[in-house]
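Below is one structure, written out as structure tokens, with a few remarks after it.
Numbering (this note's numbering), first residue to last: 1337 to 1599.
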């Protein structure tokens, strides 16, 4: 989302045209974000405010991926959650109980107001045996006033205090990619990952077996692409360059055939 469709809340030229082309094509797609602060409904409203119309059902966040992962691992479990509505809502919807009394997990997400008291409680619960999960490893995030500490930075603080590293669910973990693929019933060999960060988006796509497209409208500038030990399948300036490619992707997509005899 960030760096591909918008900068903060400023739309990137061509973003709405790209989404419209995807919708016309009939191709399944998901918009991914490591940001766990907002619910899909919140993000849809924020994108609409930027002139980009993405259905709520087509938004997949690290909070949703984390809640799905925990439901699959330990259905009906309990967690002490440090985060905002996007994460707590996802955890509740997955059937989890929020508690600070002997929880199965401590789950760390992103918030603009990290509480020293909450971090201290998380440290003590992890020392007491709670398993440590974090929504994503991003060390910092943007704001209008400059860089902000994000989930990865706070996770490092907790790890230093406890000696316990978290399991990160969000990008670049390919687990988030595969959960998104499952949401649209897609297969890695016929799916393209479009992202703006070599160290999260592109490596996540590669490790999930997808073709990858880097757009240089976000975090990774063109001159840095060659410094990484892996490469994307293609590199473009922005999603504006992909609008005409959507029709080609649609024509190349495998089509299901219906056999009335069931053979």
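For glycine and all other residues, C-beta sits at the position ideal for the given N, C-alpha and C. Just so it is clear, the structure is predicted and the values come from calculations on it, not from any experiment.
Could you compute how far the alpha carbon of residue 1370 sits from the alpha carbon of residue 1506? About 6 angstroms.
Specify, as a first and last residue, the run of the alpha helix (DSSP H) that residue 1358 falls within. Boundaries of the alpha helix (DSSP H) harbouring residue 1358: 1351-1361, taken from the DSSP string.
With distances taken Cα to Cα, identify the nearest neighbour of residue 1417 among 1341, 1405, 1434 and 1404. Comparing Cα-Cα distances from residue 1417 to each of 1341, 1405, 1434 and 1404, the minimum goes to 1434.
Do residue 1532 and residue 1555 have their CB atoms nearer than 9 angstroms? In this structure, residue 1532 places its C-beta atom within 9 angstroms of the C-beta atom of residue 1555.
Unbroken beta strand (DSSP E) run spanning residue 1414, endpoints: It spans 1414-1418 - the beta strand (DSSP E) in which residue 1414 sits, taken as one unbroken run.
Restricting to Cα atoms, I'd like to know which of 1484, 1398 and 1585 is closest to residue 1367. The option with the nearest alpha carbon to residue 1367 is 1398.
Report yes or no: do the region 1493-1510 and the region 1536-1544 share at least 3 C-beta pairs separated by less than 8 angstroms? Counting Cβ pairs under 8 angstroms, three or more are found: they touch.
For residue 1419, which of 1342, 1455 and 1484 has the nearest alpha-carbon? Selection 1342, 1455 and 1484 evaluated against residue 1419 yields 1455 as nearest (Cα-Cα).
For a quick check, are the C-beta atoms of residue 1375 and residue 1426 less than 9 angstroms apart? A distance below 9 angstroms separates the beta carbons of residue 1375 and residue 1426.
Looking only at its own chain, which residues have a Cβ that is under 8 angstroms from the Cβ of residue 1298, when we skip the five neighbours before and after it? Nothing can be reported for residue 1298: it is not among the residues displayed for the chain, which extend from 1337 to 1599.
Near residue 1579, what residues of its chain come up, given a Cβ to Cβ distance below 7 angstroms and the 5 sequence neighbours on each side ignored? Residues of the same chain with a CB within less than 7 angstroms of the CB of residue 1579, apart from the 5 flanking positions on each side, are 1350, 1353, 1354 and 1357 in chain order.
Measure how close the beta-carbons of residue 1474 and residue 1464 come, nearest whole angstrom, since I'm counting them as under 8 angstroms. So it is not a contact: roughly 27 angstroms between Cβ atoms.
Just tell me which of 1429, 1424 and 1415 has its CA closest to the CA of residue 1457. Ranking the options by Cα distance to residue 1457, first place goes to 1415.
Determine whether the Cβ of residue 1368 lies closer than 9 angstroms to any Cβ atom of chain D. In summary, chain D is missing from the structure at hand, where a single protein chain is found.
What ranges does the beta strand (DSSP E) occupy inside the region 1478-1503, keeping only unbroken runs of at least 3 residues that lie completely in it? When DSSP assignments are scanned along the region 1478-1503, no uninterrupted stretch of beta strand (DSSP E) that is 3 or more residues long falls wholly within it.
Grab the span of the beta strand (DSSP E) containing residue 1469 for me, first residue to last. Note, residue 1469: beta strand (DSSP E), 1467-1470.
Over the uninterrupted alpha helix (DSSP H) stretch that includes residue 1395, give me the two end residues. In the DSSP assignment, residue 1395 falls outside any alpha helix (DSSP H) and within the unbroken beta strand (DSSP E) covering 1395-1397.
Thinking C-beta only, is residue 1389 closer than 9 angstroms to residue 1421? Contact: no.
Pick helix, strand or coil for residue 1548, following the three-state DSSP scheme. Correct three-state label for residue 1548: strand.
Please report the distance separating the alpha-carbon of residue 1581 from that of residue 1517. Inter-residue distance for residue 1581 and residue 1517 is about 20 angstroms (C-alpha atoms, whole angstroms).
Pull up the CB-CB distance for residue 1453 and residue 1372, whole angstroms please, since I reckon it's below 8 angstroms. Residue 1453 to residue 1372, Cβ: 20 angstroms. No contact.
Could you please give the first and the last residue of the uninterrupted beta strand (DSSP E) stretch that includes residue 1444? Unbroken beta strand (DSSP E) run through residue 1444: 1441-1444.
By how many angstroms is the C-alpha of residue 1340 removed from the C-alpha of residue 1592? Confidence at residue 1592 is low in this model, with a pLDDT of 48, below 50, so the placement of that residue should be treated as unreliable; the coordinate-derived value is given next. The straight-line gap from Cα to Cα measures roughly 30 angstroms.
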